[in-house]
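Residue numbers (the working numbering), protein chains in the order written: chain X, 1 to 199; chain D, 200 to 288; chain L, 289 to 521.
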Amino acid sequence: MTTFTRGFRGRRRGGDDRLPPGQYLTEDFPVLSAGPTPDVPPDRWEFAIHTETGQAHRWTWQELMALPYETPTVDIHCVTTWSKLDTTWQGVSLDVLFEDVETAAEYALVHSYGGYTTNLPLEDLLDGKAWIAYRYEGEELAPVHGGPARLLVPHLYFWKSAKWVRGIRLLTEDWPGFWETAGYHNYGDPWREQRYADD
Amino acid sequence: MSADYLDGNALAGPLAEIFATDVSAAVGRCASCGLTGPVASLRVYSRAPGLVARCPGCEEVVLRLVRSPDAAWLDLRGAVCLRIPLGGP
Amino acid sequence: MPMTKWRVARLVKVRDENPTARTLVFDVPGWPGHVAGQHVDVRLTAEDGYTARRSYSLAAPEGVELTVQRVEDGEVSPYLTQDMEPGDELELRGPVGGWFVWRPDGTTPVLLVAGGAGIVPLMAMIRARRAAGSGAPFRLVYALRSPGQLYYADELLSPDPGVAVTLAYTRSAPEGHARPPGRLTAADLGPYGEADCYVCGPTGFVEAAATLLVELGHDPARIKTERFGPTGE
Chain X
1 MTTFTRGFRG RRRGGDDRLP PGQYLTEDFP VLSAGPTPDV PPDRWEFAIH
51 TETGQAHRWT WQELMALPYE TPTVDIHCVT TWSKLDTTWQ GVSLDVLFED
101 VETAAEYALV HSYGGYTTNL PLEDLLDGKA WIAYRYEGEE LAPVHGGPAR
151 LLVPHLYFWK SAKWVRGIRL LTEDWPGFWE TAGYHNYGDP WREQRYADD
Chain D
200 MSADYLDGNA LAGPLAEIFA TDVSAAVGRC ASCGLTGPVA SLRVYSRAPG
250 LVARCPGCEE VVLRLVRSPD AAWLDLRGAV CLRIPLGGP
Chain L
289 MPMTKWRVAR LVKVRDENPT ARTLVFDVPG WPGHVAGQHV DVRLTAEDGY
339 TARRSYSLAA PEGVELTVQR VEDGEVSPYL TQDMEPGDEL ELRGPVGGWF
389 VWRPDGTTPV LLVAGGAGIV PLMAMIRARR AAGSGAPFRL VYALRSPGQL
439 YYADELLSPD PGVAVTLAYT RSAPEGHARP PGRLTAADLG PYGEADCYVC
489 GPTGFVEAAA TLLVELGHDP ARIKTERFGP TGE
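What follows is the structure in structure tokens.
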């Protein structure tokens with residue numbers, strides 16, 4: 001038998017067709033983190049894509065800054081049930097970074113400074129669906145939100161948008177990441193409410 | 200700003216759902232650096248999809264706990280062993 | 289196991305501690321009792337089935353008494369401190385936490401260090417000492433922003449014999465208060481001999497206070513800490 005608490009409403013939920021099921025709208029930008037914020041000065045920053053054949057493609061901060069960028073405006077959805085609409089970012093599309101990468105791999109394991117990992121199918125990173133983002137709402141991306149740079153994959157729950165991104169390993173077999181090995185869904189589509197492994 | 204964590208005491212409630220005794224007073228050893236101490240002294244990052252408890256010495260992950268509406272996932276791989284006080288006869 | 293069970297708790301009494309904090313006293317049939325310093329998990333369910341959970345320290349050694357600080361824009365604390373009325377119900381699980389506790393069976397001196405709402409479990413210890421007639425020497429150092437933030441004013445402004453209370457105002461102090469407003473320093477915490485130390489407050493405060501205690505020569509193994517927030521709201 002459920003005990004209801006009279007008069008308790010909780011956060012405003014639903015009511016907007018841009019909100020996936022079970023999400024509520026937030027105006028602020030909650031800081032979620034599974035560990036301490038790593039200190040990564042841009043002059044020591046490096047991003048690398050490692051292919052399944054052992055080839056590495058690397059970019060320094062200066063090299064990343066020299067690449068053509070985009071300024072996507074996207075809705076983001078966190079598995080802890082908040083969603084934030086119309087967030088604006090600046091970053092390099094992964095299509096640009098993958099231009100010279102030869103691969104037959106189907107899976108990607110993203111890894112971060114600080115040790116975090118998350119996995120997703122490679123195709124979810126391509127065709128204008130993902131960015132390495134380094135500015136948010138016109139400002140440098142703050143360290144608590146993943147600065148100097150984070151992955152941005154807004155069509156999946158936000159834990160896939162790894163903060164403090166350091167590299168992507170391309171794999172022929174799927175390798176579940178930090179939350180994906182601890183009960184969270186392997187894919188994480190917010191519109192199908194794929195929160196937990198057995199959803 | 201990087202000190203956004205709680206003590207291992209914060210694990211007492213969620214773990215009470217799984218274990219038949221209070222685990223926050225149990226003493227364990229970090230698999231990474233060997234530091235030994237009570238679960239209550241771990242650093243718990245709770246503003247996350249699950250609870251992540253890290254060693255106060257080396258910041259490595261000692262324990263992770265995710266709770267869905269109908270299941271719990273518990274990862275203890277960062278703890279070598281837990282000594283759980285059970286009270287004398 | 290009883291401690292894992294959600295129990296129905298009916299609000300029987302409220303008491304405002306200050307303009308933004310309220311003590312709620314619940315009747316919980318079958319409550320197994322608890323030790324000072326323990327906390328409970330609270331679950332609120334809205335009419336549409338939405339649930340929210342929070343943890344709160346127990347404020348008294350007997351009965352289920354919680355003191356809740358209202359967080360503006362919070363989801364649960366505005367309800368608990370403004371809207372919930374005697375007769376209303378929520379669910380509660382506990383007691384939990386067997387580490388940050390004080391049992392009234394010893395005579396070892398105790399040093400309590402509270403930051404803001406961190407006073408709650410420490411007040412439970414002071415009250416447990418009184419209830420048990422314990423003679424253990426207690427010292428409380430309570431850091432708070434301004435006089436309007438004080439919890440448990442009646443008991444802390446005229447403390448029990450054997451309990452020394454230092455109020456360390458950090459922003460503004462009442463007129464005539466000897467200590468000028470400012471952050472907690474080593475001088476506030478010492479000198480004090482060997483003691484079991486309990487520190488409770490926001491993460492940054494606990495970090496700073498525990499460091500001061502170690503610098504003053506306290507054995508780190510005898511310093512117990514309880515950080516709260518960011519899950520407080």
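Ideal Cβ positions, reconstructed from N, Cα and C, are used throughout, including at glycine.
Give the straight-line distance between the Cα atoms of residue 370 of chain L and residue 313 of chain L, rounded to the nearest whole angstrom.
14 Å
Under 9 Å between C-beta atoms, does residue 239 of chain D make it to chain L?
yes
Residues of chain D with CB closer than 7 Å to the CB of residue 80 of chain X, please, in chain order.
248
May I ask you to list, following chain order, the residues of the stretch 25–39 of chain X that have a beta carbon less than 9 Å from some beta carbon of chain D?
The residues in question are 30, 31, 32, 33, 34, 35, 36, 37, 38 and 39.
Buried or exposed: residue 385 of chain L, going by 16 or more other Cβ atoms within 10 Å of its Cβ?
Classified as buried, residue 385 of chain L has 16 or more neighbouring CB atoms from the shown chains inside 10 Å of its CB.
With 16 other Cβ atoms within 10 Å as the buried cut-off, status of residue 310 of chain L
buried
Answer with buried or exposed for residue 283 of chain L, where buried requires no fewer than 16 other C-beta atoms within 10 angstroms of its C-beta.
Examination of residue 283 of chain L is not possible in this model, given that chain L is present from 289 through 521 alone.
Reducing DSSP to helix, strand and coil, say where residue 184 of chain X ends up.
strand
Contacts of residue 296 of chain L in chain X (Cβ-Cβ under 7 Å)
3
My output table needs one value for residue 431 of chain L: the three-state DSSP class, helix, strand or coil.
In the three-state DSSP reduction, residue 431 of chain L falls in the strand class (E or B).
Does DSSP classify residue 218 of chain X as helix, strand or coil?
The displayed coordinates of chain X run from 1 to 199. Any statement about residue 218 of chain X would go beyond what the structure contains.
Interface residues of the stretch 379–396 of chain L facing chain D [CB-CB below 8 Å]
381, 382, 384, 385, 386, 387 and 388
Local Cβ density within 10 Å of residue 345 of chain L, reported as buried at 16 or more and exposed below that:
buried
Rounded to whole angstroms, what's the CA-CA distance from residue 56 of chain X to residue 170 of chain X? Just pull it up for me.
Approximately 10 Å, taken between the alpha carbons.
Establish whether the CB of residue 179 of chain X and some CB of chain D are separated by less than 9 Å.
yes
How is residue 520 of chain L classed by DSSP in three states: helix, strand or coil?
For residue 520 of chain L, the predicted model reports a pLDDT of 39, less than 50, meaning its position is unreliable; a value from the coordinates is still stated below. In the structure shown, residue 520 of chain L sits in coil (DSSP, three-state: anything other than H, G, I, E or B).
Given 8 Å, three or more beta-carbon pairs between the stretch 426–446 of chain L and the stretch 365–384 of chain L:
no
Name, going along the chain, the residues of the stretch 158–182 of chain X whose beta-carbon falls closer than 8 Å to a beta-carbon of chain L.
Of all residues in the stretch 158–182 of chain X, none is placed with a Cβ closer than 8 Å to any Cβ belonging to chain L.
Quick one: list the residues of chain X neighbouring residue 253 of chain D, beta-carbon separation under 7 Å, in chain order.
35
Within 9 Å, strictly: CB atoms of residue 148 of chain X and residue 157 of chain X:
Against a cut-off of 9 Å, the Cβ pair of residue 157 of chain X and residue 148 of chain X comes out as no contact.
Taking buried to mean at least 16 other C-beta atoms within 10 Å of its own C-beta, is residue 460 of chain L buried or exposed?
exposed
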